[in-house]
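Report on the structure given below.
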Amino acid sequence: MLTTRRVDAYHALTVVAPGIAERYRPGHFVSVAVGGAYTSMVTRRAFFIHDVKADYGGTVELVFTTGGPGTAWLAERRARDTLDLVGPLGRPFPLPRDPANCVLVGSDYGSAVLFPLADALLARGCRVDFVIGGAEAERVFGAMRARRMAETTTLTTEDGSLGLRGTVTDALPSVIADTRADAVYACAPMATLRAVTAVAMEFDIPVQVAVEESMACGIGVCMTCVLPVIGEDGATRMVRACAEGPVFRGERVRFEDVGTIPFDALGAPGGGARHVS
Amino acid sequence: MLTTRRVDAYHALTVVAPGIAERYRPGHFVSVAVGGAYTSMVTRRAFFIHDVKADYGGTVELVFTTGGPGTAWLAERRARDTLDLVGPLGRPFPLPRDPANCVLVGSDYGSAVLFPLADALLARGCRVDFVIGGAEAERVFGAMRARRMAETTTLTTEDGSLGLRGTVTDALPSVIADTRADAVYACAPMATLRAVTAVAMEFDIPVQVAVEESMACGIGVCMTCVLPVIGEDGATRMVRACAEGPVFRGERVRFEDVGTIPFDALGAPGGGARHVS
Amino acid sequence: MSVDMRTFLAHVELANPITTAAGCASSGRELAQFFDLHRLGALTTRSITMAPRAGRPTPRMAETPSGMLNSVGLQGPGIDAFLERELPWLAQRGIRTIVSIGGGTVAEYSELARRLADAPGVTALEINLSCPNMEDRGRVFAREGSAAAEVIASVRSIMRYDVPVVAKLAPDVADIVSVARACVDAGADALSMINNPLGMAIDTEALRPSLAAVTGGLSGPAVLPLAVRCVWQVHAALPGVPLIGMGGVMSGKDAFQFVLAGACVVGVGTALFHDPYACLRIERELEDLLRARGLQRLADAVGLAHRPPGSAPRHLMVDSEESIP
Amino acid sequence: MSVDMRTFLAHVELANPITTAAGCASSGRELAQFFDLHRLGALTTRSITMAPRAGRPTPRMAETPSGMLNSVGLQGPGIDAFLERELPWLAQRGIRTIVSIGGGTVAEYSELARRLADAPGVTALEINLSCPNMEDRGRVFAREGSAAAEVIASVRSIMRYDVPVVAKLAPDVADIVSVARACVDAGADALSMINNPLGMAIDTEALRPSLAAVTGGLSGPAVLPLAVRCVWQVHAALPGVPLIGMGGVMSGKDAFQFVLAGACVVGVGTALFHDPYACLRIERELEDLLRARGLQRLADAVGLAHRPPGSAPRHLMVDSEESIP
Ligand SMILES: Cc1cc2nc3c(=O)[nH]c(=O)nc-3n(C[C@H](O)[C@H](O)[C@H](O)COP(=O)(O)OP(=O)(O)OC[C@H]3O[C@@H](n4cnc5c(N)ncnc54)[C@H](O)[C@@H]3O)c2cc1C
Ligand SMILES: Cc1cc2nc3c(=O)[nH]c(=O)nc-3n(C[C@H](O)[C@H](O)[C@H](O)COP(=O)(O)OP(=O)(O)OC[C@H]3O[C@@H](n4cnc5c(N)ncnc54)[C@H](O)[C@@H]3O)c2cc1C
Ligand SMILES: Cc1cc2nc3c(=O)[nH]c(=O)nc-3n(C[C@H](O)[C@H](O)[C@H](O)COP(=O)(O)O)c2cc1C
Ligand SMILES: Cc1cc2nc3c(=O)[nH]c(=O)nc-3n(C[C@H](O)[C@H](O)[C@H](O)COP(=O)(O)O)c2cc1C
Ligand code: FES
Ligand code: FES
């Protein structure tokens, strides 16, 4: 581990991880072992990769907020401690083949994952506009950097302490309209992603969302991180956020049914499958 | 925690603990929580108090060797880390009322507990002689300090790398004879204590031993640390090393039966008690 | 705002829901060096047997991931010494005392109950059913509903009506609800769970079992999810029966899990080995959690997680003025 | 000195004793991104069911002290898709594969066996008995010796004689030995233990169960002492029966405990979620431990902790020249 710093309400960790940096594409995440030797915490914690740099053979930066014991432990790490990472994991954001106008929407630490995406989009000649929000000013991550990169940057806070009062979804329609957006990319809590998707669908433009689900493995073997997603064939399947995701086309995700097994999902009870274990 | 240092093969930790320092008497031990927050190690580790100083309101020093995960964790502590101690625990060494010639026998880290005892004995006008041993030179703890305090100091190592080749028990008879010892004090592994006790009994002088038993609580509530000890009334009881000990009169300890329930112990199966759970 | 922490174990009121777990506080005196035992909801004694017992050989303890194994084997001085020295010490001080008893036959349990029936200072009697039944090839009572019920029925018939009889269950069964039901049908006024599931560790240096007794009881945080599940299942099946929940409680949050699952009393065992003040700390933390959730009475939280999401706590908030006693 | 790590699961030889635990390595492809699956003693698939299954609602996972709860509910594509896509992928690569199956009725298990009887690439069949028996009010097969035996007898009669049938047992029973014996009497060639004991966690913020399915299976280091005890008891009672030991194996030392207790194969589950390379690391660590103890063959260590102290290893040292194969 290289450095650790505070960014407003967040912690940022930079880790030397050439193997991960090399294969990284925007939207990837890593899983981090927490608690050290002889810890009682057996599951890894998932974090989006915020930044990748070429220094020291390749570094990755994570941005996180503390909640439970795992993130609290991470926040106590110091420069030169070692950290156990697995990654890059998941399917990254798909990029448009041709230049397009893209609105990038992030709330809380969700916006962290959007900056390398913006870099990639800009490299393809896309126009990038940001909508970034948080509950309060210090929970709005990356406003300065967004302003430097994007054509326009719209900030929102729920308490009105920075930018517009409200949520990113409130601000989104006018940004889409103003920028004549061709696509939306979003990373935020489920409820926000659901609302962002609804807005994009209203404008009839594609939306790519990066979701968060409780994950035990992050590599596709445990089947704990599933959510109902509609496939190419129109059938709903319980797919893994870590392996088929974390990035999905928003309109394919059945947000209203997350946390349930929709009756028409493949293999749903009553849908023909016997109800064992 | 104040300081941490290496002493030959051992680690020494000094901890600011006025409450413990104040009530301390030689032979007391403390129990230390290991592993930090969210550790999987639920039992405390027991350590004899090696030294108590008045600095900072009162400090205690522990000397230990690393074996398993708990002591490995302790060895990684740094100055200014906090440490969670309970103590002082156990019954200390009884001191002779009148000046007497005392031989203090210690092997490995066991000798650490003998130095404050020597101080107390010297304060009462006793003569003190040390027999200190270890497997090899760097496992002989406190030779210098012993030399400064004691009338004579005999060192033993099993590989002959320092002092006499052999064990403390090999050296003991001649020290007892030479010093016309009135009493022996010992702290060492069980097998050594057994042998030391046998020597003292041969010379017909009292011997106080500080024993080590696997302890879950250290405060007398869990009953895991018992060993067979003969009481005033001649009856053998399974008594707690943490509460009735760790210091016992050597001839009262049924060393050969440690790890068993002697058939004639109070409440032994067949000795009248029904055999439940 | 102070939270009303009083709770009822059957008809007996306790000032707060935290008790020591049987066998983890000896007979109380050791802990009294650290704090005033009156601050406990109740003290539970180690399981008292008829005759003095020397217990099992050592090593009796092995650490396991987030837990420990013990094979103490009910070491204790027997009922005579208990009645002579230990119980009076507690009774004279007016310390709420749940006396735990253990036996090898129904007759032995019954005899223990008889000896305790007239003893002053017995707040409740807890029947440790995790003892081998000498009349059934050593099969543990708690693993067999009918054997457990026989013990409870006999003890209940002997014990004074105003002393609740608490059946202590073990999780090593296919269906804890059926054992619970058998005990309640036999007259148990309350149930306590869980006793230690049977575990084992092998010393990979010595190539032998770590415990002299080979197997031992597993306790500590490792068993918390098993214990919460047992309390949940039994409360769901027998919602009217007071439950003492225990197994791995190290914090107020853990205790709160048991309360939400349906326990009105929470036992603290292994945590005492780590922190002699654990009961006080846990009680305070539990109170803080209740307060932070807007719960003004412990009683309102008992079994709350069984109710449909959202409904109950909100209701309590609205009723808050009324529910202050 | 290299240690002979070969082992036999009934008459089937495995290159080493480490296998993935059912449901913890999906159908193998995901792990293949990390290492060559041929380095496993065997890969065990998730439990295959007749119809596709969507599993239980989320959240399906909760962390507990040194463990985790899961309520995946056997999500999977069903036997058709398994035979079409998953098994051939493994078979073509020659990966030793233990196929796990789960069903709700004896008929369903039998039908699964029939479908697998002629499929190439089935090294052994593991019967997940921790499924609710639809014909007995949802009581889990593994909790009832006779129901478990019925499944095993039927599957054994259908399966090709040269494919070992392994009965997978759960620890939530009063007497695991009696269930084990029932399965062996019914024709099980080997036994595997332990499946997850049932546990639960309550979210003290939401005041609701942490898992959508309320209860879930406990896995990880927390269950290690329970699992070692089960293997020990069953090996003591049925010393001739090959055992797959699992539950909380995170290191070679944990695996060694199972071997010393009597397992000839060791399953690794939850550790894979933490470390995709866990199986390889554990195998290497186990080999190092055996070597350090002077044990030249894994087979010599199986059940070693049951023998009187000291005797066995010393004997092996003396025989060392002979015992090199
Ligand atoms: C793909 C992905 C990317 C993520 N990226 C970030 C990021 O860049 N920055 C950031 O701050 N957080 C991120 N999260 C959320 C982060 O994983 C959780 O905040 C963290 O696991 C909480 O751990 P804890 O010990 O503090 O909390 P606890 O609640 O004690 O954790 C207990 C268990 O629940 C799981 N868990 C808890 N909250 C979440 C959550 N929101 N999502 C998934 N699992 C959870 C933990 O992994 C752990 O297994 C991401 C989650 C996913 C799935
Ligand atoms: C009264 C007393 C005083 C002691 N004083 C010292 C001292 O001054 N210096 C020193 O280096 N060591 C001392 N010990 C031994 C020390 O407690 C153990 O070395 C230590 O607990 C090992 O912990 P671990 O995690 O490294 O090893 P592990 O073997 O992993 O420990 C696992 C469990 O076994 C217990 N345990 C292991 N070895 C011992 C042992 N020898 N005695 C008691 N419990 C044990 C641990 O407490 C723990 O619960 C003393 C022990 C006792 C009982
Ligand atoms: C050392 C020790 C001794 C115990 N002795 C008894 C006992 O005498 N009677 C009894 O009913 N339970 C006994 N138990 C079980 C505890 O009362 C409790 O049910 C169990 O340990 C779970 O709680 P915990 O995880 O908080 O320790 C004992 C537990 C331990 C650890
Ligand atoms: C997420 C998850 C899914 C599981 N799925 C299955 C399964 O499909 N069939 C089965 O027999 N066991 C299943 N198990 C149980 C494991 O195979 C294993 O018996 C248990 O988890 C103990 O091992 P561990 O502690 O190493 O995980 C599953 C366990 C987990 C954690
Ligand atoms: S987290 Fe394990 S499959 Fe997705
Ligand atoms: S260590 Fe608990 S009684 Fe001695």
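Chains as they are written, first to last, in my numbering: chain A, 1 to 277; chain B, 1 to 277; chain C, 1 to 325; chain D, 1 to 325. Backbone N, C-alpha and C define an ideal beta-carbon position, used for all residues, glycine too. Keep in mind the model is a prediction, meaning the values are calculated, not measured.
Residues that residue i contacts on chain B, provided the C-beta gap is smaller than 7 Å
i, result
"PHE8/C", "None at all; the shortest Cβ gap to chain B is about 27 Å."
"GLY220/C", "VAL42"
Burial state of residue i, where buried means 16 or more other Cβ atoms lie within 10 Å
i, result
"PRO189/B", "exposed"
"ALA268/B", "buried"
"VAL318/C", "For VAL318/C, the pLDDT reaches just 34, beneath the cut-off of 50, and the residue's location in the model is therefore unreliable, leaving the point undetermined."
"ASP129/A", "buried"
"PHE291/B", "Within the shown structure, residues of chain B are numbered from 1 to 277, placing residue 291/B beyond reach of any answer."
"GLY19/B", "exposed"
"GLY87/B", "buried"
"LYS53/B", "exposed"
"VAL276/B", "Unreliable placement is indicated for VAL276/B, whose pLDDT of 41 sits below 50; the coordinate value is still reported in the next sentence. So VAL276/B ends up on the buried side."
Proximity test, residue i beta-carbon vs ligand 6 heavy atom, cut-off 7 Å
i, result
"VAL30/B", "no"
Bridge-paired residues (DSSP) for residue i
i, result
"ILE48/D", "ILE101/D"
"SER31/A", "ALA46/A, VAL86/A"
"THR3/A", "THR14/A"
"PHE130/B", "LEU104/B, THR153/B"
"GLY303/D", "Paired residue(s): none; GLY303/D is not in a bridge."
"THR66/B", "According to DSSP, which records beta bridges pairwise, THR66/B is partnered with nothing at all."
"TYR185/A", "LEU104/A, GLN208/A"
"LEU43/C", "THR97/C"
Interface residues of chain C facing residue i [CB-CB closer than 7 Å]
i, result
"THR260/B", "PRO57"
"LEU266/B", "PRO52, ALA54"
"ARG281/B", "Given that chain B is displayed from residue 1 to residue 277, the structure contains no residue 281/B and the question cannot be resolved."
Contact test: residue i Cβ vs ligand 1 heavy atom, cutoff 7 Å
i, result
"PHE248/A", "no"
"PHE64/A", "yes"
"ARG25/B", "no"
Neighbouring residues, chain A, relative to residue i (Cβ below 7 Å)
i, result
"GLY35/B", "TYR38"
Proximal chain C residues relative to residue i, where beta-carbon distance stays under 8 Å
i, result
"ALA243/B", "GLU30"
"ARG143/D", "ALA174, ASP175"
Any non-hydrogen atom of ligand 4 within 7 Å of residue i CB
i, result
"ALA124/C", "no"
"LYS168/D", "yes"
"THR215/D", "no"
Residue i CB to nearest heavy atom of ligand 3 below 7 Å
i, result
"ASN195/C", "yes"
"LEU87/C", "no"
"CYS24/C", "yes"
"THR270/C", "yes"
Residue i beta carbon near ligand 2 (any heavy atom closer than 7 Å)
i, result
"PHE48/B", "yes"
Amino acids of chain A, ordered along the chain, whose beta-carbon sits closer than 8 Å to that of residue i
i, result
"PRO69/B", "ALA37, TYR38"
Contact list for residue i against chain D, beta-carbon separation under 7 Å
i, result
"PRO197/C", "LEU226"
Check: residue i C-beta below 7 Å from any heavy atom of ligand 7
i, result
"THR71/B", "You won't find ligand 7 in this model; what it holds is ligand 1, ligand 2, ligand 3, ligand 4, ligand 5 and ligand 6."
Residue i: contacting residues in chain B (beta-carbon distance under 9 Å)
i, result
"CYS24/C", "CYS217, VAL221, CYS222"
"GLU135/C", "Residues of chain B passing the Cβ test: none, with the nearest at roughly 12 Å."
Contact list for residue i against chain A, beta-carbon separation under 9 Å
i, result
"GLY67/D", "SER40, VAL42"
Cross-chain neighbours of residue i in chain D, by beta carbon under 8 Å
i, result
"ARG229/C", "LEU198, GLY199, MET200, THR215"
What residues come near ligand 5, if near means a beta carbon less than 7 Å from any of its heavy atoms?
For ligand 5, the selected residues are MET215/A, ALA216/A, CYS217/A, GLY218/A, ILE219/A, GLY220/A, VAL221/A, CYS222/A, MET223/A, THR224/A, CYS225/A, ARG240/A, ALA241/A, CYS242/A, ALA243/A, PHE273/D.
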